[in-house]
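Add 81 to a position in the sequence shown, counting from 1, and you land on the number used in our numbering. Report on the following structure.
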Amino acid sequence: MTIAVIGAGLGGLALARVLYVNGIDAVVYERESARGARGQGGMLDLHSGTGQRALREAGLIDKFHAIARPEGQDLRLLEPDGTLLLQQDTPDDAPLERPEVDRVDLRNLLLDSLPEHAVRWGRAFTSADDGVLYFADGSSATYDLLVGADGADSRVRALLTDTRPVHTGQNVVELGIPDIDRTHPDLAAMVGRGNYWVLGNGQSLSAQRNGDGRVRIYLSFHTAEDWFAASGIPFGDPAAARMRLIELFAGWDPRFTALIAACDDTILPRSITTLPIGLTWPSRPGVTLLGDAAHLMPPVGQGANMALLDGALLGLALAAHPDDFPAAVREYEREMFARTSAAAQQSARAQEILMAPDASRKMLAFFQPD
Ligand SMILES: Cc1cc2nc3c(=O)[nH]c(=O)nc-3n(C[C@H](O)[C@H](O)[C@H](O)COP(=O)(O)OP(=O)(O)OC[C@H]3O[C@@H](n4cnc5c(N)ncnc54)[C@H](O)[C@@H]3O)c2cc1C
Numbered sequence: 082m083t084i085a086v087i088g089a090g091l092g093g094l095a096l097a098r099v100l101y102v103n104g105i106d107a108v109v110y111e112r113e114s115a116r117g118a119r120g121q122g123g124m125l126d127l128h129s130g131t132g133q134r135a136l137r138e139a140g141l142i143d144k145f146h147a148i149a150r151p152e153g154q155d156l157r158l159l160e161p162d163g164t165l166l167l168q169q170d171t172p173d174d175a176p177l178e179r180p181e182v183d184r185v186d187l188r189n190l191l192l193d194s195l196p197e198h199a200v201r202w203g204r205a206f207t208s209a210d211d212g213v214l215y216f217a218d219g220s221s222a223t224y225d226l227l228v229g230a231d232g233a234d235s236r237v238r239a240l241l242t243d244t245r246p247v248h249t250g251q252n253v254v255e256l257g258i259p260d261i262d263r264t265h266p267d268l269a270a271m272v273g274r275g276n277y278w279v280l281g282n283g284q285s286l287s288a289q290r291n292g293d294g295r296v297r298i299y300l301s302f303h304t305a306e307d308w309f310a311a312s313g314i315p316f317g318d319p320a321a322a323r324m325r326l327i328e329l330f331a332g333w334d335p336r337f338t339a340l341i342a343a344c345d346d347t348i349l350p351r352s353i354t355t356l357p358i359g360l361t362w363p364s365r366p367g368v369t370l371l372g373d374a375a376h377l378m379p380p381v382g383q384g385a386n387m388a389l390l391d392g393a394l395l396g397l398a399l400a401a402h403p404d405d406f407p408a409a410v411r412e413y414e415r416e417m418f419a420r421t422s423a424a425a426q427q428s429a430r431a432q433e434i435l436m437a438p439d440a441s442r443k444m445l446a447f448f449q450p451d
């Protein structure tokens with residue numbers, strides 16, 4: 082039985098690894114040309130009951146602890162006028178409940194745990210028909226079970242449902258300051274070791290310290306789907322785009338706009354979309370989905386954790402039913418639908434807080450309930 086996984090993101094790789102430790106081969110097809118072809122984004126906090134559980138099933142928890150950054154859990158919450166509402170510093174002996182990890186390190190951990198031939202790079206899936214996969218480079222391959230782990234814009238998803246992601250009313254611009262300790266020590270001290278959030282009315286600025294000395298900055302705007310085109314931000318001219326973004330933060334404490342001014346020329350606009358909460362589909366024997374392909378949710382800390390656990394649990398279900406993959410898929414989907422629907426509801430509530438007019442006070446109440 083040939084298991085084909087589309088997508089070498091965290092979910093697809095967790096599946097391949099759990100299958101591998103259970104003696105089952107799978108082939109992962111990834112559209113990127115090589116592991117370093119594209120930046121992998123910032124930090125993730127891996128929760129003990131989900132993302133860390135997946136790594137335990139994958140036999141990688143000790144290696145994860147070696148790359149995890151507990152101090153990345155530090156949090157500073159501020160208002161646009163500069164008022165510090167909350168500062169949480171992680172004690173040295175804090176339990177590893179939700180340690181942060183750089184996404185690139187986590188992906189490399191998973192990739193290094195697989196045999197070289199397990200991932201086929203430069204294979205962009207286009208369609209599947211009658212047990213055959215077709216790729217954009219004209220090649221094809223056979224499969225018995227096809228797993229779509231191909232993220233938010235999944236092409237595999239269309240084999241199971243017509244549902245498509247919809248815009249959430251949030252648009253994010255990602256920028257970053259490289260080597261911040263050397264280039265801007267004052268801003269490095271301001272941001273600290275972990276997450277730094279400034280929540281305003283209809284927009285926010287968050288900064289996060291990464292292990293390689295880069296601070297990633299996310300500017301979030303609660304605006305319509307066509308806003309990037311309509312806003313006139315000249316993304317092709319990073320210096321001019323930074324100036325325009327600074328203008329959009331007029332009235333905010335100058336220390337916050339100084340963060341934008343210090344960024345380099347990497348500037349990534351992202352429209353935030355989600356799938357409907359509780360999306361399901363009638364189980365089909367030869368195909369299933371995991372991760373964002375199955376349950377894209379707002380980016381508030383659950384998506385990667387769910388993708389990892391999906392991969393691990395699907396791997397375990399297939400290992401438990403090696404002669405009956407359809408039964409394994411049904412068992413996996415039943416649990417995945419219930420678990421991820423609850424996580425999507427939580428994420429939607431967190432997203433509501435972040436987008437509320439008095440977001441900073443609401444967030445403070447969330448972290449410091451009566
Ligand atoms: C700004 C931002 C911040 C986030 N922060 C967090 C966080 O702090 N914590 C958290 O838990 N989650 C976070 N998330 C969500 C998290 O990134 C995703 O939920 C997670 O990456 C999903 O993993 P995945 O394996 O399903 O998909 P992905 O990581 O998207 O991987 C999909 C893979 O499939 C490949 N692919 C796509 N199409 C094809 C194709 N046609 N053929 C072959 N390969 C293909 C892609 O190249 C990619 O490698 C954040 C998301 C965003 C946008």
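Even glycine gets a Cβ: it sits at the ideal position worked out from N, Cα and C.
- Between ligand 1 and L395, a heavy atom-to-CB distance of less than 6 Å is absent.
- Per DSSP, the unbroken alpha helix (DSSP H) holding V410 starts and ends at F406 to M436.
- Rounded to whole angstroms, the Cβ separation of L91 and A385 is 5 Å, and the two are in contact under 8 Å.
- D126 has E181 as its beta-bridge partners, per DSSP.
- Counting along the chain, R274 sits inside no beta strand (DSSP E), nor does DSSP assign it H or E at all.
- In the DSSP annotation of this structure, the continuous segment of the beta strand (DSSP E) that includes I87 starts and ends at I84 to I87.
- Considering only R112, D345 and L167, the residue with the shortest C-alpha distance to Q449 is L167.
- Within the stretch 135 to 171, the complete beta strand (DSSP E) runs of at least 3 residues fall at 156 to 159 and 165 to 169.
- Between the alpha carbons of A115 and S220 lies a gap of roughly 17 Å.
- Taken from the Cβ of F330, every heavy atom of ligand 1 lies 6 Å or farther away.
- The C-beta distance from A139 to V102 rounds to 7 Å, short enough to meet the 8 Å contact threshold.
- Rounded to the nearest whole angstrom, the C-alpha separation of L329 and R297 is 19 Å.
- When rounded, the separation of the alpha-carbon atoms in A89 and D231 is 8 Å.
- Between ligand 1 and the CB of D174, the shortest heavy atom gap is not smaller than 6 Å.
- The criterion of a C-beta distance shorter than 7 Å is satisfied by L371 and D391.
- If you compare the alpha carbons of A331, R430 and G382 with that of T131, the shortest gap goes to G382.
- In this structure, M82 sits away from D173, with a CB-CB distance that is not shorter than 7 Å.
- Using a Cβ distance threshold of 7 Å, L125 and R184 count as a contacting pair.
- For D210, the enclosing beta strand (DSSP E) covers residues F206 to D210.
- If only complete runs of 3 or more residues are kept, the stretch 196 to 268 shows the beta strand (DSSP E) at 206 to 210, 213 to 216, 221 to 223, 226 to 229 and 247 to 258, in order along the chain.
- For L360, the three-state secondary structure derived from DSSP is coil.
- In this model, D210 and I84 are separated by some 15 Å (Cα to Cα).
- Nearest C-alpha to F418 among G292, L349, L256 and L356: L356.
- Cα atoms of A322 and R274: separation of roughly 27 Å, rounded to the nearest angstrom.
- If only uninterrupted alpha helix (DSSP H) runs of at least 4 residues are considered, those enclosed by the stretch 319 to 371 are 319 to 329 and 335 to 342.
- Here the stretch 187 to 203 does not lie against the stretch 289 to 296, with fewer than 3 beta-carbon pairs under 8 Å apart.
- Classified as exposed, G104 has fewer than 16 neighbouring CB atoms from the shown chains inside 10 Å of its CB.
- By the neighbour-count criterion, in which a residue is buried when 16 or more other Cβ atoms sit within 10 angstroms of its Cβ, E433 is exposed.
- Distance from L268 to A331 at the Cβ level is roughly 20 Å; contact not present, criterion being Cβ atoms closer than 8 Å.
- DSSP places A446 in the helix class (H, G or I) of the three-state scheme.
- Using a 10 angstroms sphere on the CB of D155, the tally of other CB atoms reaches 16 or more, which defines it as buried.
- The C-beta of N282 has fewer than 16 other C-beta atoms within 10 Å across all chains shown, which makes the residue exposed.
- With a cut-off of 6 Å, the C-beta of I258 is classified as distant from ligand 1, since no heavy atom of the ligand falls inside that distance.
- Distance from L394 to Y413 at the Cβ level is roughly 6 Å; contact confirmed, criterion being Cβ atoms closer than 8 Å.
- In the DSSP assignment, V109 forms a beta bridge with V86 and V200.
- Secondary structure of V102 (DSSP, three-state): helix.
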